[in-house]
Structures are given as structure tokens and as C-alpha cells.
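First up is the structure itself, then whatever we jot down about it.
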Amino acid sequence: MIKNDYLEYEDLELLFIGGKMDYIEFLQKYDYEGSVVLLEGKREVSDTDKDKLFELGRSLVSRTEYIIFRSGNAAGADHYFSCGVVSVDKKRLQLIAPYSNHRSKASQDCEIISPDDLDLTAEKEIINQSKLNKKTKKLIDKYVAGERNKNTIKAAYIIRDTIKVLGTKSIKPASFAFFYDNLSNPMSGGTGHTMNICRLNNIPYIDQTIWLKWLDNN
Numbered sequence: 142m143i144k145n146d147y148l149e150y151e152d153l154e155l156l157f158i159g160g161k162m163d164y165i166e167f168l169q170k171y172d173y174e175g176s177v178v179l180l181e182g183k184r185e186v187s188d189t190d191k192d193k194l195f196e197l198g199r200s201l202v203s204r205t206e207y208i209i210f211r212s213g214n215a216a217g218a219d220h221y222f223s224c225g226v227v228s229v230d231k232k233r234l235q236l237i238a239p240y241s242n243h244r245s246k247a248s249q250d251c252e253i254i255s256p257d258d259l260d261l262t263a264e265k266e267i268i269n270q271s272k273l274n275k276k277t278k279k280l281i282d283k284y285v286a287g288e289r290n291k292n293t294i295k296a297a298y299i300i301r302d303t304i305k306v307l308g309t310k311s312i313k314p315a316s317f318a319f320f321y322d323n324l325s326n327p328m329s330g331g332t333g334h335t336m337n338i339c340r341l342n343n344i345p346y347i348d349q350t351i352w353l354k355w356l357d358n359n
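In the numbering used here, the protein residues as written are 142 to 359.
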């Protein structure tokens, strides 16, 4: 059983596909119009990995034509992935922020979408799957009802993480996801929630145990 702060899974096969697909095959399969690839992860990034995150973002944009890359506008992994994308083409980066003025100076003039821009009462699946996060479940309805304080803002971050995967009525869902996880405490925090939403919706994903090898071999 996999047990964390969010969900419990028993005998659930991981969606990691690294053993069945290499980097070239990924590029061939996912570079199509309408494809959205998520690049996100932990705020804490080791010094030795920062350049690798940047390089993955840069490489993915340089070697594809159609994919839109989506991230969460957070410090750490999101930032380094995004900088790599923007170094080639900022028009292909889409940021999902928890609120409208979140880290606006770090947005690099890219497209930003937040729950503030949405009628959340019309996004029932986003709300339902956001409530799978046990720590913020009771805050979701308060946030959707318009209550804003230091507690309910926690719900905005989880809703943001759900949107990154599911999309909305106006933006497409993710087709694939790359994560930078804390391998000593995997699938925890907001990154863990996002990974769980990928799993529940059969969105294939890999973490750095796979994509670092992809970079090294290509």
C-alpha cells in the first residue's frame, strides 16, 4: 500500500512509463497540436539538479513544435523548469497560479491562469478532486463560497494543483507530466497531490529517476 497525506492506494500499479518509452519516443508521441505537458515539482532543489531542470525545459521546447508546457509558478522546480522553456519560447509556457498576483515578477510575461479567473461553481470536477486532499478538504467549499483568509488560501494552492492536471472548461487537460519529487519523502505535499490527480485520471508521468536518464542519454 502507498499511504501519504492525500490518498491510500492498495496494489495500484505506478504509471511510470520510463521503462517502456525513451526520450525520442516521448517526443514523437506527444508533440501534437493540443498537447499539454506539465513540468513541476518541489520547492527544494539540490544545487546539482538546478541546471538539469533548466536543461529539461530547454530541451523539450527546442525539440518539439506544438507542446504547450504548463507549470505552477512556484519557486524551486517550477521556476527552473519554466526558465528553461522561456529561454527558447515563452509563448509555449502556461502558468497556473493559486491567485492572480502570485509571484507576478517571476512570471516572465507568460500566460497566467488562476482560480480567481474562474467560476469555480461551474468546475465541479476540479472541486471534487481537490477535496481528495485530506488536509484542505474542509476548506475547499469555504474558498469556493468566497471566504478569503490565511486558512482558506491553502485551498487555492490545491485547486491550482488540480487545475494543472485536469484543465478547465477553457484550457485543455495535461497529456503527460514531468515531476521533480523529494525522493526521500515521495508523493508528499502539493506535488504529491498533483501526482495523485495524474494517477486518478490516467495521465502518465515520470519523476527525475527517469527523465535525468533521458537527458543523459540524449
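Quick reminder that beta carbons are idealized off the backbone N, C-alpha and C, glycines included. Since we're looking at a predicted model, the values are computed, not measured.
Residue j beta carbon less than 8 Å from that of residue i
| i | j | result |
| --- | --- | --- |
| V177 | S329 | no |
| L356 | S200 | yes |
| P239 | Y298 | yes |
| Y171 | I208 | yes |
| L197 | F222 | yes |
| N323 | K183 | yes |
| L273 | C251 | no |
| I300 | P256 | yes |
| Y267 | I304 | This sequence places Ile at residue 267; Tyr is not what is there. Yes. |
| L353 | K193 | yes |
| L168 | R204 | yes |
| L179 | V306 | yes |
| T335 | L259 | no |
Per DSSP, the bridge partner or partners of residue i
| i | result |
| --- | --- |
| R211 | L179, Q235 |
| I165 | I165 is not bridged to any residue. |
| Y346 | A318 |
Any C-beta of chain B under 8 Å from that of residue i
| i | result |
| --- | --- |
| D192 | Any reference to chain B falls outside this structure, which holds one protein chain only. |
Delimiting residues of the beta strand (DSSP E) encompassing residue i
| i | result |
| --- | --- |
| Y321 | 317-321 |
| I338 | Taken as a continuous stretch (DSSP letters only), I338 belongs to no beta strand (DSSP E), being part of the alpha helix (DSSP H) at 330-341. |
| E252 | 252-254 |
Spatial neighbours of residue i in its chain, beta-carbon cut-off 6 Å, leaving aside the 5 residues before and after
| i | result |
| --- | --- |
| N359 | Y164 |
Close beta carbons around residue i, own chain, < 7 Å, minus the five adjacent residues each side
| i | result |
| --- | --- |
| L148 | Any reading at L148 must be qualified, since the residue scores a pLDDT of 39, below 50, and its modelled position is unreliable; no value is offered. |
| K278 | K272 |
| A215 | R184 |
First through last residue of the alpha helix (DSSP H) which encompasses residue i
| i | result |
| --- | --- |
| Y284 | 278-285 |
| A218 | 218-227 |
| R301 | 294-307 |
Assumed close pair residue i, residue j - CB separation to whole angstroms, cut-off 8 Å
| i | j | result |
| --- | --- | --- |
| I281 | A296 | 5 Å |
8 Å CB neighbourhood of residue i in its chain, flanking five on each side removed
| i | result |
| --- | --- |
| R233 | V202, I208, I209, F210, V226 |
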